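Count the sequence shown with numbering that gives the first Met the number 0 and you get residues 0 to 352, in order.
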Amino acid sequence: MARFHQLRVKDIKRETPEAVSVAFEVPPQQQPEYLFKMGQYITLKLTVNGEEIRRSYSLCTAPHEMELRVAVKEVQGGKGSVFINRNLKVGDTLEVMTPMGTFNTVLKGANKKHYVLFAGGSGITPMMSIIKSVLYVEKQSTITLFYANKNEDSSIFKTELEHLAASQPNLKLVLVYDAPKAQMPELQCGLVTKEKAKALVKASACEKADEYFICGPGPLMENVKVALEELKVAKEKIHIEYFTSVIEAVDKASELSGANVKAKIKVIQYGIETEFPLETTGLSILEAAIEAGVDAPFSCKGAVCCTCRAKVLEGKVKMNANFALTDQEVEEGFVLTCQSHPLTETVTIDYDA
Ligand code: FES
0 MARFHQLRVK
10 DIKRETPEAV
20 SVAFEVPPQQ
30 QPEYLFKMGQ
40 YITLKLTVNG
50 EEIRRSYSLC
60 TAPHEMELRV
70 AVKEVQGGKG
80 SVFINRNLKV
90 GDTLEVMTPM
100 GTFNTVLKGA
110 NKKHYVLFAG
120 GSGITPMMSI
130 IKSVLYVEKQ
140 STITLFYANK
150 NEDSSIFKTE
160 LEHLAASQPN
170 LKLVLVYDAP
180 KAQMPELQCG
190 LVTKEKAKAL
200 VKASACEKAD
210 EYFICGPGPL
220 MENVKVALEE
230 LKVAKEKIHI
240 EYFTSVIEAV
250 DKASELSGAN
260 VKAKIKVIQY
270 GIETEFPLET
280 TGLSILEAAI
290 EAGVDAPFSC
300 KGAVCCTCRA
310 KVLEGKVKMN
320 ANFALTDQEV
330 EEGFVLTCQS
340 HPLTETVTID
350 YDA
C-alpha cells in the first residue's frame with residue numbers, strides 16, 4: 000500500500016524556461032518502497048501559502064537508473080507547479096508518496112515489439128521513463144515517438160531525445176509543433192487533430208504496432224485515441240494516462256441518481272477498522288473516511304490517479320467516474336474511493352487489499 004515518507008530534494012534541473020525536473024534522495028532503508036515501474040508517478044504533499052495540497056507527477060527516469068526524478072511544467076495559476084518551479088530548493092524536504100500507476104507494460108528481453116508513443120507537452124514525462132526502459136531491456140524492440148508541443152522552446156527533454164534518437168537506431172522521433180519557429184514538414188505543423196494523428200501514424204507505418212501509449216492534454220489524447228480506433232487498433236493495445244485532463248468530465252458525471260441509502264461504512268486500513276454512517280448522496284467514501292480520522296490515501300480526487308484505490312469486501316458502491324482502474328480491477332471489486340458512494344446499507348472497504 001502506498002504511503003508518504005519525508006524525502007530531501009537532492010537536485011533541481013531547469014529543463015525549459017517553464018519546466019524543471021526534481022530528484023529526491025531516498026534513504027537506503029526506504030529504497031525498496033520506492034522501487035518503481037516505467038511510466039509510474041509519485042504524489043507530493045506541498046504546503047503553499049499555508050494550504051496543504053497534493054499533486055501527482057510522473058517519473059521521467061527508468062527503473063534501472065535508480066533515481067526518483069519527476070518533471071514539472073509550470074501551469075498558469077497552478078499552485079503546485081508554480082511553487083515547484085519558483086520556490087522549491089535543493090535541500091528542502093517534502094512528503095513523497097511511494098510510486099503508483101499502471102501506465103506501463105511488461106518488458107521482456109526477448110521481445111521484438113514496436114511501441115508507438117504519442118506525447119503532448121508535459122505528457123513526455125512518463126514517456127521518457129518508457130523510452131529509456133524499452134531501449135535498456137528490449138534491444139530488439141523499436142519505438143516511434145510523436146511528440147507535440149507549441150514550439151521548439153517549450154519542448155521538455157528535446158535535446159536529450161534528439162541525442163537518444165541519434166545514437167539509438169531503434170528510436171524514431173517525430174516532433175510536431177503548433178507554431179514552429181523553424182521550417183518544418185507540413186505534416187509536423189499544427190495541432191494534433193484526429194486527421195493529423197491518422198496521417199502521422201500512416202506516414203511512419205505505425206498502424207500495426209504492438210502497443211500504443213498516449214499522454215498529454217485532453218484534446219490530443221482524445222484525438223489520438225479516436226484516430227487509432229478508426230485505424231482499427233485493438234482497444235487492449237492502447238494505454239492512456241489521463242492525468243489532470245478529465246476533471247471536468249468528472250464534474251459532469253457527478254450527479255447521482257437513484258435511491259438515497261443510509262449506509263454504515265466500515266473502512267480497513269493498516270488492519271484497523273473504522274466505522275461511520277454515510278448516505279448515497281453525501282460525501283464520497285474517501286472524504287467521509289478522512290473526516291472519520293482515517294489516513295486514507297488520495298491525490299487528484301478526480302478519478303485519474305488511482306491513489307485512493309481500495310477493495311469492496313462487502314456491499315455495493317457506485318463510482319461517479321473512473322479513468323484509472325482497469326476493467327479487470329473493477330471486476331475484482333476495486334474502486335476509486337474518491338468517486339464512490341454507498342448503494343447498500345452496509346459497505347466494507349479495504350485499503351490494505
Ligand atoms: S484520488 Fe485520484 S483517483 Fe481518487
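The beta-carbon is built from N, C-alpha and C at its ideal position, and this holds for glycine as well.
Only a predicted model underlies this, so the values are computations on that prediction, with no experimental measurement involved.
Please state whether DSSP places Phe333 in a helix, a strand or coil.
If DSSP states are grouped into helix, strand and coil, Phe333 belongs with the strands.
At a threshold of 7 Å, does Ser128 count as lining ligand 3 (C-beta to nearest heavy atom)?
Because ligand 3 does not appear in the structure shown, any question about it cannot be addressed here, the ligands present being ligand 1.
Hey, could you find the ends of the beta strand (DSSP E) Glu94 is sitting in?
92-96
If I follow the unbroken beta strand (DSSP E) through Ser55, where does it start and stop?
50-57
On the CB-based measure, 16 or more other CB atoms within 10 Å of its CB, does Thr306 come out buried or exposed?
buried
For Val249, three-class secondary structure by DSSP:
Note that Val249 scores a pLDDT of 39, beneath 50, so its modelled location is shaky; the value from the coordinates is reported in the next line. Annotated three-state conformation of Val249 is helix, per DSSP.
Counting only runs that start and end within the region 128-181, where is the beta strand (DSSP E) found for 3 or more residues in a row?
141-148, 170-176
Taking 7 Å as the line, does the beta carbon of Val71 fall inside it for any heavy atom of ligand 1?
no
Name, in chain order, the residues that DSSP records as bridge partners for Arg2.
Beta-bridge analysis with DSSP links Arg2 to no other residue.
Hey, is the region 263-273 in contact with the region 22-33, meaning 3+ C-beta pairs nearer than 8 Å?
no
Alpha-carbon spacing of Glu194 relative to Val223, whole angstroms:
Rounded to the nearest angstrom, the two C-alpha atoms are 9 Å apart.
Kindly give me the distance between the Cβ atoms of Thr97 and Arg2, rounded to whole angstroms, as I take these residues to be in contact under 8 Å.
6 Å
From this set, Pro62, Lys300, Glu137, which residue's C-alpha is nearest Gln167's C-alpha?
Glu137
May I have the straight-line CA-CA distance separating Ala147 from Gly314, to the nearest angstrom?
45 Å
Return the Cβ separation of Ile52 and Gly79 in integer angstroms, given the expectation that the two are a contact with Cβ distance under 8 Å.
About 6 Å separates the CB atoms of Ile52 and Gly79; that is less than 8 Å, so the two are in contact.
For Ala345, name the three-state secondary structure that DSSP assigns.
In the sequence as displayed, the identity of residue 345 is Thr instead of Ala. Note: Thr345 maps to strand in three-state DSSP.
Cβ of Gly49 within 8 Å of Cβ of Gly120?
no
Checking the sheet assignment: what are the DSSP bridge partners for Val311?
Ile348
Would DSSP call Gln28 helix, strand or coil?
Three-state result, Gln28: helix.
Please find out if some non-hydrogen atom of ligand 1 comes closer than 7 Å to the beta-carbon of Val303.
yes
Within 8 Å, do at least three Cβ pairs link the region 76-96 to the region 108-119?
Touching, no, given that fewer than three Cβ pairs across the two stretches are closer than 8 Å.
I'd like the list of long-range same chain contacts for Lys36, defined as Cβ closer than 6 Å, with 5 residues on each side in sequence excluded.
Closer than 6 Å at Cβ, skipping near neighbours: Asn103.
How would you write the range of the alpha helix (DSSP H) that Pro218 sits in, first residue to last?
217-229
By the DSSP assignment, the beta strand (DSSP E) with Leu45 in it spans what residues?
40-47
Less than 8 Å between the CB atoms is what I'm expecting for Thr279 and Ala258, so what's the real figure, rounded?
7 Å
What would DSSP say about Gln75, mapped onto helix, strand or coil?
Of the three classes helix, strand and coil, the one that applies to Gln75 here is coil, per DSSP.
Per DSSP, Ile213 is paired with what?
Phe117, Ile239
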